[in-house]
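*Asks:* These protein sequence lines are chains A and B, in that order. The opening residue of the first sequence carries number 1 in the working numbering; numbering runs sequentially from there. The opening residue of the second sequence carries number 1 in the working numbering; numbering runs sequentially from there. Have a look at this one before I ask anything.
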Amino acid sequence: MLALFTRDLKLAFRSGGGFGLALAFFLIVVMFVPFGVGSDLVLLARIAPGILWIGALLACLLSLDRIFQLDYEDGTLDVLATSPLPLTGITAAKAAAHWVTTGLPLTLAAVPLGYLLNLPQPAYIWLFASLAIGTPALSFIGAFGAAITVGIKRGGLLLSLLVLPLYIPTLIFGALSVTKSVEGLNPLPSLTLLAGLTLFSIVLMPFASAMALKSNLKG
Amino acid sequence: MSLWEYANPVKFMRLTGRLLPFLCVLTAVSLATGIIWGFFGTPDDYKQGSTVKIIFIHVPAATMAVSAWFMMLVTSLIWLIRRHHISALAAKAAAPIGLTLTLIALGTGAIWGKPMWGTYWAWDPRLTSFLILAVFYLGYIALWKAVEDNDTAADLTSILCMVGSVFAFLSRYAVNFWNQGLHQGASIAVNKEQHVDNAYIYPLFLSFAGFFLLFVTLVFVRTRTEIRLRRAAALQARSL
């Protein structure tokens, strides 16, 4: 499982593309917001938490199809499925690798991008914390969507349609915890619920992903 | 004699074929009586006037929209556990009906909301939850369309329905946490002092029955169509 995890990491780092792509996308989304709504700093400060969370979520979505697609096409996934490692472990390792290559850089990038959007001072630590806690849920839920659509040609759009509704609770709790801290309220309740959601996804989503993969590999 | 006998398509077709005429008549009678009685036989509300009468469509449609998803969840589980094809086909047949009911609930709600709240749409927890439910239905239907192999499609949609149920439920409560609402709470209860007046409750129950029967009838009809489509495909495959 660890070998698979490091293999996925190496592939992501060495083949380029996917790693930087999500970050660049995040930057562009954040950059577009002032173009769209105007450069009023007060307004930007108010919508910054939501924009940063939505931007991170969309950037994460962009790289989901890479989790299984390439391995499915060249047959690596079939080989992995026949290995002694259970499919649940395979999907968990791959989702974790996806988080390290996507969720983690996005979390780190969000802080300077928050500065661009005039995010108020006390909110930075909560932005960082909520993204660090919440993005694993995005990767594990997203891996499920990727597992379902892996056999479908040009499944990218379908993947978004399936995964985005599943992201709603994560987005609500994540963005809410940052907004609460901006308003000077206690962000901990939402943050705790977000942590619960992440733990829930990490524990249970690999089983659902494995079921979907098994069904896709059979066909 | 058990329920599982009707997992056999021939028996299912025979039973539903016999039941359908009765179901159609019952649906028509209860829907027509419920709605006509509701629209013309009940007094106007002292505050809302006659706009209150949209309740006879709005509430049953909304209830059935959620119930349809539950029915899909149960049939999906039956497919995953016992692999009865009819079960998967019934879930497939129910999805567009559920989506339509969701849209009816949203539409009538908007029409009702304009005179009462002064707005067609508000980001109220209940309204938002229904919009989310509609998106879940869309994803489910799109997945059925996208996968070519029948059994794989049934597997994947069943898994999606299972996971989707959990997340739809989570979203329902997350949305409550996120925003306070305009929509009133449950107003039909036996054990509470305050509920909808008796003048409304009887026609309301009739239209509940009507919408329920309508749903059952439509699911039967659509499942029969799906079974026939499978048979036609099998015949075509054999003749090649």
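We put the CB at the ideal spot given by N, CA and C, even for glycine.
Please name the residue in A/Ile-90, A/Arg-14, A/Gly-134, A/Ala-95 whose C-alpha comes closest to that of A/Leu-106.
*Replies:* Mapped onto the first sequence, residue 106 of chain A falls at position 106. Closest option to A/Leu-106, Cα to Cα, is A/Gly-134.
*Asks:* What in chain B is Cβ-close to A/Asn-216, meaning under 7 Å?
*Replies:* Start at 1 with the first residue of the first sequence, and residue 216 of chain A comes out as number 216. What A/Asn-216 touches in chain B: Thr-152.
*Asks:* Counting along the chain, where does the alpha helix (DSSP H) carrying B/Ile-36 start and finish?
*Replies:* The sequence position of residue 36 of chain B within the second sequence is 36, counting from 1. First-last of the alpha helix (DSSP H) with B/Ile-36: 9-40.
*Asks:* Can you list, in chain order, the residues of its chain whose CB lies under 7 Å from that of A/Leu-57, leaving out five sequence neighbours each side?
*Replies:* Taking the first residue of the first sequence as 1, we reach residue 57 of chain A at position 57. Correct list, in chain order: Leu-138, Tyr-167, Leu-171.
*Asks:* Name, please, each residue of chain B whose Cβ falls closer than 7 Å to the Cβ of A/Phe-162.
*Replies:* Position 162 of the first sequence, counted from the start, is the residue given in the question as residue 162 of chain A. Looking at the sequence shown, residue 162 of chain A is not Phe but Leu. What A/Leu-162 touches in chain B: Gly-139, Leu-143, Leu-160.
*Asks:* Below 8 Å, how does it come out for the stretch 217-232 of chain B and the stretch 29-38 of chain B: are there three or more Cβ pairs, yes or no?
*Replies:* no
*Asks:* Looking at the unbroken alpha helix (DSSP H) that takes in A/Tyr-72, where does it start and where does it end?
*Replies:* The residue labelled residue 72 of chain A in the question sits at position 72 within the first sequence. In the DSSP assignment, A/Tyr-72 falls within the alpha helix (DSSP H) that extends over 69-73.
*Asks:* Going by beta carbon distance, what residues of the same chain come within less than 7 Å of A/Gly-103, once the five residues before and after it are set aside?
*Replies:* Locating residue 103 of chain A in the first sequence gives position 103, where the first residue counts as 1. For A/Gly-103, where only same-chain residues beyond five positions count, the Cβ hits under 7 Å are Cys-60, Thr-135, Pro-136, Leu-138, Ser-139.
*Asks:* So, for B/Phe-208: in the same chain, excluding its five sequence neighbours on each side, which residues have a beta-carbon less than 6 Å away from its beta-carbon?
*Replies:* Translated into the one-based positions of the second sequence, residue 208 of chain B becomes position 208. Pro-60.
*Asks:* When the Cβ atoms of the stretch 100-109 of chain B are set against those of the stretch 126-134 of chain B, are three or more pairs found closer than 8 Å?
*Replies:* Three or more pairs of CB atoms, one per stretch, sit closer than 8 Å, so the stretch 100-109 of chain B contacts the stretch 126-134 of chain B.
*Asks:* Residues of the stretch 105-134 of chain B with a CB closer than 8 Å to any CB of chain A: list them in chain order, please.
*Replies:* Ile-132
*Asks:* Which ranges would you report for the alpha helix (DSSP H) in the stretch 117-161 of chain A if only whole runs of at least 4 residues count?
*Replies:* 124-149
*Asks:* At 4 residues or longer, and completely inside the stretch 67-133 of chain B: list those alpha helix (DSSP H) runs for me, N to C.
*Replies:* 85-117
*Asks:* Is DSSP giving A/Gly-38 helix, strand or coil here?
*Replies:* Within the first sequence, numbered from 1, the residue matching residue 38 of chain A stands at position 38. Note: A/Gly-38 maps to coil in three-state DSSP.
*Asks:* When you compare the CB positions of B/Thr-27 and B/Leu-213, do they come within less than 7 Å of one another, or not?
*Replies:* Here residue 27 of chain B corresponds to residue number 27 of the second sequence, with the count starting at 1. Here residue 213 of chain B corresponds to residue number 213 of the second sequence, with the count starting at 1. The criterion of a C-beta distance shorter than 7 Å is satisfied by B/Thr-27 and B/Leu-213.
*Asks:* With 7 Å set as the bound, which would you pick, yes or no: does the beta-carbon of A/Leu-52 sit closer than that to a beta-carbon of chain B?
*Replies:* Translated into positions along the first sequence, residue 52 of chain A becomes position 52. Closer than 7 Å: no.
*Asks:* Cβ closer than 7 Å: which chain B residues qualify as neighbours of A/Pro-206?
*Replies:* Taking the first residue of the first sequence as 1, we reach residue 206 of chain A at position 206. Ordered by position in chain B, no residue passes the 7 Å Cβ test against A/Pro-206, which lies about 12 Å from the chain.
*Asks:* Does DSSP put A/Asp-78 in a helix, a strand or coil?
*Replies:* Your numbering for residue 78 of chain A matches position 78 in the first sequence. A/Asp-78: helix per DSSP, three-state reduction.
*Asks:* If you draw a straight line from the alpha carbon of A/Val-163 to that of B/Phe-70, how long is it in whole angstroms?
*Replies:* Indexing the first sequence from 1 puts residue 163 of chain A at position 163. Indexing the second sequence from 1 puts residue 70 of chain B at position 70. If you take the alpha carbons of A/Val-163 and B/Phe-70, they lie about 20 Å apart.
*Asks:* Let me check one thing: in DSSP terms, what residues is B/Gly-49 bridge-paired to?
*Replies:* Position 49 of the second sequence, counted from the start, is the residue given in the question as residue 49 of chain B. BP columns for B/Gly-49 point to B/Asp-45.
*Asks:* Suppose you measure from the CA of A/Leu-9 to the CA of B/Leu-19; what does that come to, to the nearest Å?
*Replies:* As a working note, residue 9 of chain A is residue 9 in the first sequence. As a working note, residue 19 of chain B is residue 19 in the second sequence. Near 59 Å, if we compare the C-alpha coordinates of B/Leu-19 and A/Leu-9.
*Asks:* How about A/Trp-53 and A/Gly-184: do their beta carbons lie closer than 7 Å?
*Replies:* If you number the first sequence from 1, residue 53 of chain A lands on position 53. If you number the first sequence from 1, residue 184 of chain A lands on position 184. Not closer than 7 Å, so no.
*Asks:* With a threshold of 7 Å on Cβ separation, who are the neighbours of B/Val-147 within its own chain once the five nearest residues in sequence on each side are excluded?
*Replies:* By 1-based counting over the second sequence, the position of residue 147 of chain B is 147. Excluding positions up to five away in sequence, the list reads Ala-153, Leu-156.
*Asks:* List the residues of chain B that A/Leu-176 touches, going by C-beta distances under 7 Å, in chain order.
*Replies:* Residue 176 of chain A sits at position 176 when you count from the first residue of the first sequence. By Cβ distance, chain B contributes Trp-178.
*Asks:* Grab the span of the alpha helix (DSSP H) containing B/Glu-226 for me, first residue to last.
*Replies:* Counting from one through the second sequence, the residue named residue 226 of chain B turns up at place 226. Where B/Glu-226 is concerned, the enclosing alpha helix (DSSP H) stretches over 198-239.
*Asks:* Would you call A/Phe-35 buried or exposed, if buried means 16 or more other Cβ atoms sit within 10 Å of its Cβ?
*Replies:* The count along the first sequence starts at 1 and reaches residue 35 of chain A at position 35. Answer is exposed; the Cβ neighbour count stays below 16.
*Asks:* For B/Glu-148, which of helix, strand or coil comes out of DSSP?
*Replies:* The residue given as residue 148 of chain B occupies position 148 in the second sequence. DSSP places B/Glu-148 in coil when its eight states are reduced to three.
*Asks:* Take B/Ala-7 and list the residues in its own chain whose beta-carbon comes closer than 6 Å to its own, dropping the five residues that flank it on each side.
*Replies:* Locating residue 7 of chain B in the second sequence gives position 7, where the first residue counts as 1. Excluding residues within five positions, the ones whose Cβ falls inside 6 Å are His-84, Ile-86.
*Asks:* Name the residue from A/Tyr-115, A/Leu-131, A/Thr-91, A/Ser-209 whose alpha carbon lies nearest to the alpha carbon of A/Leu-41.
*Replies:* Position 41 of the first sequence, counting from 1, holds the residue named residue 41 of chain A. A/Leu-41 has its Cα closest to that of A/Tyr-115, out of A/Tyr-115, A/Leu-131, A/Thr-91, A/Ser-209.
*Asks:* Starting from A/Thr-198, trace the alpha helix (DSSP H) in both directions and tell me its first and last residue.
*Replies:* Within the first sequence, numbered from 1, the residue matching residue 198 of chain A stands at position 198. Segment 188-218, the alpha helix (DSSP H) holding A/Thr-198.
*Asks:* Return the first residue and the last residue of the alpha helix (DSSP H) that A/Ile-90 is part of.
*Replies:* Here the question's residue 90 of chain A lines up with position 90 in the first sequence. It spans 87-98 - the alpha helix (DSSP H) in which A/Ile-90 sits, taken as one unbroken run.
*Asks:* Just to confirm the assignment, what range does the alpha helix (DSSP H) spanning A/Leu-4 have?
*Replies:* For the purposes of this step, residue 4 of chain A is identified with residue 4 of the first sequence, where counting begins at 1. Element bounds for A/Leu-4: 2-15.
*Asks:* Rounded to whole angstroms, what is the Cα-Cα separation between B/Met-116 and B/Asp-124?
*Replies:* Position 116 of the second sequence holds residue 116 of chain B. Position 124 of the second sequence holds residue 124 of chain B. Those two C-alpha atoms are separated by around 14 Å.
*Asks:* Quick check: what's the CA-CA separation for A/Met-31 versus B/Leu-218?
*Replies:* Your numbering for residue 31 of chain A matches position 31 in the first sequence. Your numbering for residue 218 of chain B matches position 218 in the second sequence. If I take the Cα positions, the gap works out to 50 Å.
*Asks:* Using the Cβ count rule (16 or more neighbours within 10 Å means buried), how would you classify A/Met-1?
*Replies:* Here residue 1 of chain A refers to the residue found at position 1 when the first sequence is read from its first residue. Exposed, since its Cβ has fewer than 16 Cβ neighbours within 10 Å.
*Asks:* Just checking: is the beta-carbon of B/Asp-155 within a distance shorter than 7 Å of some beta-carbon in chain A?
*Replies:* For this step, residue 155 of chain B is matched to residue 155 along the second sequence. Output row for B/Asp-155: interface = yes.
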